[in-house]
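Numbering (the working numbering), first residue to last: 54 to 131.
Worksheet: one structure, shown below.
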């Protein structure tokens, strides 16, 4: 499924002010996490494959293209 967003909650008023300022000043960075089954063979590598976006009743989903299907080339480094 596509990444869709995050909910950030501050526990104190001061923390909320600092978070708001960090977002305003674009001092934050994005980190993407994935759940995988098994252990990748290398600590760092690049996964390159073709992806297809297809509509479903719950909204669009992205999946790996089957052999011969036309998709968008995509690569991810880890």
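For each residue, glycine too, the CB sits at the ideal point set by N, CA and C.
Quick caveat: nothing in here was measured; it's all calculated off a predicted structure.
1) What is the rounded straight-line gap between the Cα of residue 103 and the Cα of residue 124?
2) Out of 98, 111, 107 and 113, state which residue places its alpha-carbon closest to the alpha-carbon of residue 122.
3) Which two residues bound the contiguous alpha helix (DSSP H) that contains residue 96?
4) Hey, would you say residue 81 sits closer than 8 Å to residue 75, going by beta carbons?
5) Quick one, are the C-beta atoms of residue 78 and residue 72 less than 8 Å apart?
6) Secondary structure at residue 107, three-state DSSP: helix, strand or coil?
Well, looking at it:
1) 5 Å
2) 107
3) Here residue 96 belongs to no alpha helix (DSSP H), and DSSP marks it neither H nor E.
4) Going by C-beta atoms, residue 81 is nearer than 8 Å to residue 75.
5) Not closer than 8 Å, so no.
6) DSSP places residue 107 in strand when its eight states are reduced to three.
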